[in-house]
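Trainee: Going down the list, the protein sequences come from chains A and B. For the first sequence, the working numbering begins at 20 and goes up steadily by one. For the second sequence, the working numbering begins at 6 and goes up steadily by one. A virtual CB, placed ideally from N, CA and C, is assigned to each residue, including glycine. Quantities reported herein were computed from a predicted structural model and do not represent experimental measurements. Following this message is one structure expressed as structure tokens.
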Amino acid sequence: MIPYIIRRIIHLIPTFIGATLLAFIISQLVPGDFLNAMRLSPDVRPETIARLEQSFGLDRPWYTQYFLWMGSLLKFDLGQSFGGNQPVSAVITKPILNSLILVVISLIMLYAIAIPLGVFSAVRQYSFADQVISAISYFGLAIPNFFFAQVLILCIFLFRGFTREYFDHNQLLLPVAQMTSSNYNELSSLAKFKDILWHALMPAFVVATSGIAGLTRILRGQMIEQLSSDYIRTARSKGLDERKINYKHALRIAIIPFVATIGALLPGLIGGAGLVEIVVSWPGITPTLLQALTAQDIYVVLGFLVISTLLLMLGNLISDLLLAVVDPRIRYN
Amino acid sequence: MAKSEKLLDVRGLKTYFDTDEGTVKAVDGVSFHIDKGETLAVVGESGSGKSVTSLSIMRLIPTPPGRIAGGEMLFNGQDLVKKTEREMRQIRGNDISMIFQEPMTSLNPVYTVGDQIAEAIVLHQGKSQKQAMKMAAEMLELVGIPEPAKRVRNYPHQMSGGMRQRVMIAMALSCGPQLLIADEPTTALDVTIQAQILELMKKLQNEIGMSILFITHDLGVVAEIADRVVVMYAGRAVEEGNVVPIFTKPKMPYTMGLLNSVPRVDKAAVHQERLEAIPGNVPNPLYLPEGCAFHPRCKFAVDQCKVAIPDLVDSGNGHMVRCIRWDEIQTKQAVVA
């Protein structure tokens, strides 16, 4: 196992170089650069622009810029942000952590909701409840999450209108924007944690919706297939109860393909938090990334890409290792 | 030997499946009994209802679409049809256990064989996991698996088909059942392994003293292991009796056909005979022929066979046969010989 892991990590190096090169080339395909706006402004003198070009390295050919950037990457330095005149790492760390909060909570929701639903649907195949779950699943798959977020915000406000009218209760059920309350800085650390969690509930659920819907559907299919297999008949003939048969025997195997995709969810869900972050003003990756893209602050964009690439590669490795843990038929040598 | 005590008495069992096209009477009024310590073979082609019979005894018929529509199954005098699911769970794997045709897929691939054997022991005998694992190793030794202490930690895919069937037997016998139902346990195995598994089952039956209900389509296996035989056709028993009379003097034309379709070293060498196949196929269970279900394929069929389903009658010494012409045919056969 250990030699396998080492070999896999060594294989990651060329993958990483290829991915970063490709990302860098694509970033250069966009016409113009960060200084466009300044060049057009009559207030900025050409000497200033030349000085800035030199200090940002924009006057050199793209491949020189690439090697300089790669050189600094080897020193774990993601480069400088043009806009804030600070290191890229300082710009992107906080948004990444903020997005991660959202992603982790939505991942927990994803599995906590989808697994029982999928098993239930499979066990009660074609029952009324199964059909209701199927219908809601298709709805969840079909609705874009930025729109679903707005629908939920509307619902939360409508609910407040209802409680104000009949119960004289003027509080929102859940916060609909931002990551923290206005009095956040005065809170104790436990209360701060709770505050963020409270704010994350709605957007995290929105981010998880399509995943829940998809996983429920696929898990249902997997479970139905497993429940009709011979080893389930053996388990029944042993006298096991249905709960043990469903969860210990069938689910244990039905879940294997999902374990294989857990790693791929890691970078995917950060991207997936996407537009929801903008709808609820969550200070995550997407707003920062969009801002950097419009300003052509390329090293910030590349910084996010590098982190995503690393997460993707790490996620795939973790997936493969987990697969060997859950499926004894797979052994790596 | 006091062999007359009935362990299982199945009376008029009917297991039906409700499908979109109509009700399939997979088992339609089957009666037989198994004495303590006895081996009963149920023989028939695919679709004759023999596997459904065995699953009915375990009450493992998927419902819906299947259901037990009638009859009783007295196990130690208690009717299994009337048991609740909870009561059945205490019987399954404990008093009655079962092994299946496909050893390759009948074990869960992600648990060790030890875990899977221990599961039943923990469930029925209330042992701790550790004790159960020790007993599982003992069971593996009993079924002739070398290095049992090491093998308990193996996964099914690390074993051959014959080994896995031994594991299934170990699992089935782990709680000392009174009845072992074996549903074509040797069909998927190589011939040499088949013989080993049959030997093993006979040996264990002598040691443990259980009864065996052996489901098969393989008459060679029946001769090897059974005390008595029930021949099934289209959901009904058509002939029943001790193994020697059934093999030497079959009375139902279907049984004769089955026996003639088995290659025999002695016969072929002496008479250079061709193997005789039974013409036609098993009838569609939705559209069974009128009268005797076998008449379209029977070379002795007369018009009267199409009128009514013949009764299962005693032709002497408890040799039961479901054919209106058994007496005539027997005389005719005797003349030919």
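If you follow the alpha helix (DSSP H) that Leu194/B is in, where does it begin and where does it stop?
Mentor: Taking the second sequence and counting its residues from 1, one reaches residue 194/B at position 189. It is not in any alpha helix (DSSP H) - Leu194/B carries neither H nor E in the DSSP assignment.
Trainee: With Pro14/B as the anchor, note down where its beta strand (DSSP E) starts and where it stops.
Mentor: The residue you call residue 14/B lines up with position 9 of the second sequence. Sequence inspection shows Asp at residue 14/B; the Pro mentioned does not correspond to that position. Counting along the chain, the beta strand (DSSP E) containing Asp14/B begins and ends at Lys11 to Thr24.
Trainee: What does Ile272/A touch in chain B if you count any residue whose Cβ is under 9 Å from its own?
Mentor: Here residue 272/A corresponds to residue number 253 of the first sequence, with the count starting at 1. Neighbours of Ile272/A on chain B, chain order: Asn113, Pro114 and Val115.
Trainee: Determine the extent of the alpha helix (DSSP H) in which Tyr23/A is found, giving its start and end residues.
Mentor: Locating residue 23/A in the first sequence gives position 4, counting from the first residue. Run containing Tyr23/A: Ile21 to Leu48, per the alpha helix (DSSP H) assignment.
Trainee: Whose Cβ in chain B lies nearer than 7 Å to the Cβ of Asp249/A?
Mentor: The residue you call residue 249/A lines up with position 230 of the first sequence. Ordered by position in chain B, the residues that pass the 7 Å Cβ test against Asp249/A are Phe105, Glu107, Thr110 and Ser111.
Trainee: State the beta-bridge partners of Gly71/B as determined by DSSP.
Mentor: Counting from 1 along the second sequence, the entry for residue 71/B is found at position 66. Gly71/B is bridged to Phe22/B.
Trainee: Cα separation between Phe186/A and Tyr203/A?
Mentor: To locate residue 186/A, count along the first sequence from 1; it is residue 167. To locate residue 203/A, count along the first sequence from 1; it is residue 184. Distance between the alpha carbons of Phe186/A and Tyr203/A is about 28 Å.
Trainee: If you follow the alpha helix (DSSP H) that Asn247/B is in, where does it begin and where does it stop?
Mentor: Against the second sequence, residue 247/B aligns to sequence position 242. First-last for Asn247/B: Arg241 to Asn247, but that is the beta strand (DSSP E), not the alpha helix (DSSP H).
Trainee: Are the beta-carbon atoms of Glu109/A and Gly102/A separated by less than 9 Å?
Mentor: For the purposes of this step, residue 109/A is taken as residue 90 along the first sequence, with counting starting at 1. For the purposes of this step, residue 102/A is taken as residue 83 along the first sequence, with counting starting at 1. First, the amino acid is wrong: residue 109/A is Ala here, not Glu. In this structure, Gly102/A does not lie closer than 9 Å to Ala109/A by Cβ.
Trainee: Consult DSSP for His268/A and reduce its assignment to one of helix, strand or coil.
Mentor: Your numbering for residue 268/A matches position 249 in the first sequence. It is helical.
Trainee: For Arg129/A, collect the residues of the same chain with a Cβ closer than 6 Å to its Cβ; drop the 5 residues on either side in sequence, then sort them by chain order.
Mentor: The residue you call residue 129/A lines up with position 110 of the first sequence. According to the sequence displayed, residue 129/A carries Leu and not Arg. Counting only Cβ-Cβ distances below 6 Å, and skipping sequence neighbours, we find Ala227, Gly230 and Ile231.
Trainee: Terminal residues of the continuous beta strand (DSSP E) containing Lys30/B?
Mentor: Taking the first residue of the second sequence as position 1, residue 30/B is located at position 25. Looking at the DSSP string, the run of the beta strand (DSSP E) that includes Lys30/B is Gly27 to Asp40.
Trainee: So, is Glu245/B buried or exposed, given that buried needs 16 or more other C-beta atoms within 10 angstroms?
Mentor: For the purposes of this step, residue 245/B is taken as the residue at position 240 of the second sequence. Buried.
Trainee: Which first and last residues belong to the beta strand (DSSP E) in which Val236/B is found?
Mentor: Taking the second sequence and counting its residues from 1, one reaches residue 236/B at position 231. It spans Arg233 to Tyr238 - the beta strand (DSSP E) in which Val236/B sits, taken as one unbroken run.
Trainee: Can you give the Cα-Cα distance for Met93/B and Ile198/B, rounded to whole angstroms?
Mentor: By one-based count along the second sequence, residue 93/B stands at place 88. By one-based count along the second sequence, residue 198/B stands at place 193. Between Met93/B and Ile198/B, the C-alpha separation is close to 33 Å.
Trainee: Measuring only between beta-carbons, confirm whether Ala141/A sits less than 9 Å from chain B.
Mentor: The count along the first sequence starts at 1 and reaches residue 141/A at position 122. Output row for Ala141/A: interface = no.
Trainee: Against chain A, with Cβ distances strictly below 9 Å, would His300/B count as a contact?
Mentor: Numbered from its first residue, the second sequence carries residue 300/B at position 295. Chain A contact via Cβ: absent.
Trainee: Compare the C-beta of Gln95/B against all C-beta atoms of chain A and say whether one is closer than 9 Å.
Mentor: The count along the second sequence starts at 1 and reaches residue 95/B at position 90. Gln95/B counts as touching chain A.
Trainee: In whole angstroms, what is the alpha-carbon distance linking Ile127/A and Leu216/A?
Mentor: Taking the first sequence and counting its residues from 1, the one referred to as residue 127/A is at position 108. Taking the first sequence and counting its residues from 1, the one referred to as residue 216/A is at position 197. Their backbone Cα atoms lie some 13 Å apart in a straight line.
Trainee: Please classify Met20/A as buried or exposed, where buried requires at least 16 neighbouring CB atoms within 10 angstroms.
Mentor: For the purposes of this step, residue 20/A is taken as the residue at position 1 of the first sequence. Exposed, because fewer than 16 other Cβ atoms sit within 10 Å of the Cβ of Met20/A.
Trainee: Go through its chain and collect everything with a Cβ distance to Val287/B's Cβ below 6 Å, but skip five positions before and after it.
Mentor: The residue labelled residue 287/B in the question sits at position 282 within the second sequence. The residues are Glu50 and Gly52.
Trainee: Could you list which residues in chain A have their beta carbon closer than 8 Å to that of Asn99/B, in chain order?
Mentor: One-based indexing of the second sequence puts residue 99/B at position 94. The answer, in chain order, is Gly258.
Trainee: In this structure, how does DSSP classify Ser300/A when only helix, strand and coil are distinguished?
Mentor: For the purposes of this step, residue 300/A is taken as the residue at position 281 of the first sequence. Reduced to three states, the DSSP call for Ser300/A is coil.
Trainee: Does chain B have any CB closer than 9 Å to the CB of Ala254/A?
Mentor: By one-based count along the first sequence, residue 254/A stands at place 235. Yes - at least one Cβ of chain B is within 9 Å of the one on Ala254/A.
Trainee: How big is the Cα-Cα spacing for Val127/B and Gln134/B?
Mentor: Position 122 of the second sequence, counted from the start, is the residue given in the question as residue 127/B. Position 129 of the second sequence, counted from the start, is the residue given in the question as residue 134/B. The straight-line gap from Cα to Cα measures roughly 6 Å.
Trainee: Can you give me the C-alpha to C-alpha distance between Asp260/A and Ala254/A, rounded to a whole angstrom?
Mentor: Working through the first sequence from its first residue, we reach residue 260/A at position 241. Working through the first sequence from its first residue, we reach residue 254/A at position 235. Their backbone Cα atoms lie some 9 Å apart in a straight line.
Trainee: Determine which residues of the stretch 40 to 64 of chain B have a Cβ less than 7 Å from any Cβ of chain A, and write them out in chain order.
Mentor: Hits within the stretch, in order: Met63.
Trainee: With 16 as the cutoff for other CB atoms within 10 Å, does His188/A come out buried or exposed?
Mentor: Working through the first sequence from its first residue, we reach residue 188/A at position 169. Answer is exposed; the Cβ neighbour count stays below 16.
Trainee: So which residues of chain A does Glu124/B contact, with C-beta pairs closer than 9 Å?
Mentor: Looking up residue 124/B in the second sequence gives position 119. In chain order: Ala254, Lys257, Leu259, Lys263 and Lys267.
Trainee: What does Asp346/A touch in chain B if you count any residue whose Cβ is under 7 Å from its own?
Mentor: Here residue 346/A refers to the residue found at position 327 of the first sequence. In chain order: Val115.
Trainee: Flag this pair as touching only if the stretch 37 to 49 of chain B and the stretch 214 to 222 of chain B have three or more C-beta atom pairs under 8 Å; answer yes or no.
Mentor: Enough Cβ pairs lie closer than 8 Å, so yes.
Trainee: Helix, strand or coil for Arg97/B? Go by DSSP, reduced to three states.
Mentor: Indexing the second sequence from 1 puts residue 97/B at position 92. Three-state DSSP puts Arg97/B in a strand.
Trainee: Interface residues of chain A around Leu128/B at Cβ under 8 Å?
Mentor: Position 123 of the second sequence holds residue 128/B. Per Cβ cutoff of 8 Å: Lys257, Gly258 and Leu259.
Trainee: Check the DSSP bridge columns for Met164/B and list the partner residues they point to.
Mentor: The count along the second sequence starts at 1 and reaches residue 164/B at position 159. In the DSSP output, where bridge partners are listed per residue, Met164/B has none listed.
Trainee: Please name the residue, chosen from Leu317/B, Lys304/B and His300/B, that lies closest to Leu310/B on a Cα-to-Cα basis.
Mentor: As a first step, residue 310/B must be located in the second sequence, where it is residue number 305. Looking at the sequence shown, residue 310/B is not Leu but Cys. Looking at the Cα atoms, His300/B is the closest of the given residues.
Trainee: Could you tell me if Glu152/B is buried or exposed, where buried requires 16 or more neighbouring beta carbons within 10 angstroms of its beta carbon?
Mentor: By one-based count along the second sequence, residue 152/B stands at place 147. It is exposed - the Cβ of Glu152/B has fewer than 16 other Cβ atoms within 10 Å.
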